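Q:
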Amino acid sequence: MNPTTASAVDESAAAPVPSTEPAVSLRGLTKAFGRSTVVDDLDLDVASGEFFSLLGPSGCGKTTTLRMIAGFTDPTSGSVLVGGEDVTSIPPHKRDVNTVFQSYALFEHLDVRRNVGFGLRRRGVDRSQLDARVAEMLELVELADKARARPAELSGGQRQRVALARALINRPKVLLLDEPLAALDLKLRHAMQVELKSIQREVGITFLFVTHDQDEALSMSDRVAIMNDGVIEQCGTPEDVYENPTSVFAAGFIGVSNLMSGTFTDGAVGVTPDLRVPVPGRPGCVEGDRVSVAVRPEKIWMSDLTPAMVQAAGTIVSTSYHGATTQYLVSLGPDVTLTVLEQNLPRMRADDRWNPGDQVRIGWLPEHAVVLR
Ligand SMILES: Nc1ncnc2c1ncn2[C@@H]1O[C@H](COP(=O)(O)OP(=O)(O)OP(=O)(O)O)[C@@H](O)[C@H]1O
Ligand SMILES: [Mg+2]
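Just so we're aligned: 164 in our numbering is position 164 of the sequence shown, and the numbers increase by one with no gaps anywhere.
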């Protein structure tokens, strides 16, 4: 959707009043189960209207965090604020949040219309208003033609959209989504990612989205928090966390990171006897420190090298064709093997690719080497 349409929608009566308070704030939020602390002293502000993702591996504490925000799990310590109000001791149904879970439980005996209207009906909203709001929601998730269908007659993506409409109809300040697309096949999942993002823009509600899929988090979010073992390792825009990872974990969890380690002296990291990787302007390195340095695979060139690049000689170890790209493993020495990703350009032919055993020169611009903790 283009920005003009978005602002036109924002000015409509249904748009929430913009607030300068963060939609969600976590202050020292901690959860321990017995002796194991699974969410550890989280501090986080999610801005109003933001699409924010919590990204991390299985078991890192994403669902537990979401459940504490929703009120289904009591924190061991710390607090949750919604729209600036401390809701830590307020029960779930009195918080201005709604949750869409991975297993979107629909009422199988009710048709789509009644599933979507369920919450409003229970709150005693009058019939004509209820019908109008349900129709508006079904329009939004493009299911107007399925209003009378039972859940059993819907596809996975359609069921997911019913669950979304059912949550959005309450116009919560915040919508919590726990891996809502995990059950869908890849194609449907991609289609729903685009749809979900455009719905969020249209309604302007804050989305707090949990996923362990890095692609999903990068493509949908305004900001991403990378979570590991109960703590947030890094938080920033997708571009920021991808281009400037600050930890080995963050670099490795988002994409392939080509980690090299060595000793930092005189502005560069000595990776092999023949390869010193300059790390210009990177603060925090002390002479003699053992550090890791990373270069993303698509930042490495294997032809058209320029004198400005850091260069090294290598041997192709493997070549794999991925349709739009070709991925090479290039060995620079006994302990250093880098992944290099090349676009398959329109005029490229199969015999233009490098083969295992070929000697190559690789290079990257100094600013593309990132030092990690
Ligand atoms: N009720 C519980 N009792 C004891 N341990 C729990 C409970 N709920 C969660 N845990 C533990 O807390 C940790 C974090 O769980 P959580 O469900 O938050 O992870 P997650 O990041 O959502 O993982 P996934 O991606 O697999 O859904 C796990 O080690 C889990 O075993
Ligand atoms: Mg989970």
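Ideal Cβ placement from N, Cα and C applies to all residues, glycine included.
Nothing here was measured: the structure is a model prediction, and the numbers come from that model.
By how many angstroms is the C-alpha of E342 removed from the C-alpha of I254?
A: 19 Å
Q: Which residues does DSSP pair with T337 in a beta bridge?
A: S331
Q: Is any beta-carbon of chain D found at less than 8 Å from that of L275?
A: Absent here is chain D; the protein component of the structure consists of one chain.
Q: Ligand 1 and T63: does the residue's C-beta get closer than 7 Å to at least one heavy atom of that ligand?
A: yes
Q: May I ask which residues mark the beginning and end of the beta strand (DSSP E) holding K31?
A: V24 to F33
Q: At a cut-off of 7 Å, would you count S292 as near ligand 1, judging by its Cβ distance to the nearest heavy atom?
A: no
Q: Can you look up E287 in the DSSP assignment and give me helix, strand or coil?
A: coil
Q: With DSSP collapsed to three states, give me the class of V141.
A: coil
Q: In this structure, how does DSSP classify L154 when only helix, strand and coil are distinguished?
A: coil
Q: Within 8 Å, do at least three Cβ pairs link the region 107–118 to the region 174–194?
A: Because the criterion of three Cβ pairs below 8 Å is not met, the region 174–194 and the region 107–118 do not touch.
Q: Which one or two residues does DSSP pair with I226 in a beta bridge?
A: L55 and Q234
Q: From the DSSP output, in three-state form, read off L130 for me.
A: helix
Q: Helix, strand or coil for D86, going by three-state DSSP, please let me know.
A: strand
Q: Using the rule of at least 16 other Cβ atoms within 10 Å of the residue's Cβ for burial, across every protein chain shown, is T65 buried or exposed?
A: Taking all protein chains in view, the Cβ of T65 is crowded by 16 or more other Cβ atoms within 10 Å, so the residue is classified as buried.
Q: By how many angstroms is the C-alpha of V330 removed from the C-alpha of T306?
A: 19 Å
Q: Kindly indicate the opening and closing residues of the alpha helix (DSSP H) around N115.
A: V112 to R122
Q: So what does DSSP say about I69, is it helix, strand or coil?
A: Looking at I69 - three-state DSSP - the assignment turns out to be helix.
Q: Leaving out the 5 sequence neighbours to the left and right, which residues in its chain are closer than 6 Å to L81 when beta-carbon positions are compared?
A: S25
Q: Looking only at its own chain, which residues have a Cβ that is under 6 Å from the Cβ of V295, when we skip the five neighbours before and after it?
A: N258, W364, H368 and A369
Q: When you compare each of T237, A70 and K146 to D86 by their alpha carbons, which one comes out closest?
A: A70
Q: Consult DSSP for G363 and reduce its assignment to one of helix, strand or coil.
A: strand
Q: Taking the CB atoms as reference points, tell me whether V224 and L175 lie closer together than 8 Å.
A: no
Q: With a threshold of 7 Å (Cβ to nearest heavy atom), would C60 be considered close to ligand 1?
A: Under cutoff, so the answer is yes.
Q: Going straight from the alpha carbon of A250 to that of P238, what length do you get?
A: 12 Å
Q: For R353, name the three-state secondary structure that DSSP assigns.
A: coil
Q: Report the three-state DSSP secondary structure of T63 (helix, strand or coil).
A: helix
Q: Please state if the CB of V97 and the CB of P172 are separated by a distance shorter than 8 Å.
A: yes
Q: Using 7 Å as the cut-off, classify the Cβ of E216 as near or not near the heavy atoms of ligand 2, replying yes or no.
A: no
Q: Could you have a look at S318 and say whether DSSP puts it in helix, strand or coil?
A: In the three-state scheme derived from DSSP, where H, G and I count as helix and E and B as strand, S318 is classed as strand.
Q: Which residues in the same chain have their Cβ closer than 7 Å to the Cβ of R353, if we skip the five residues on either side of it in sequence?
A: T319 and T326
Q: Just grab the DSSP bridge partners of Q343 for me.
A: T325
Q: Going along the chain, which residues of its own chain have a beta-carbon closer than 6 Å to the beta-carbon of L44, five neighbours each way excluded?
A: L26
Q: Can at least three beta-carbon pairs, one atom from the region 207–221 and one from the region 48–66, be found at a separation below 8 Å?
A: yes
Q: Could you work out which residue in N244, A308 and D274 is closest to R373 when comparing CA atoms only?
A: N244
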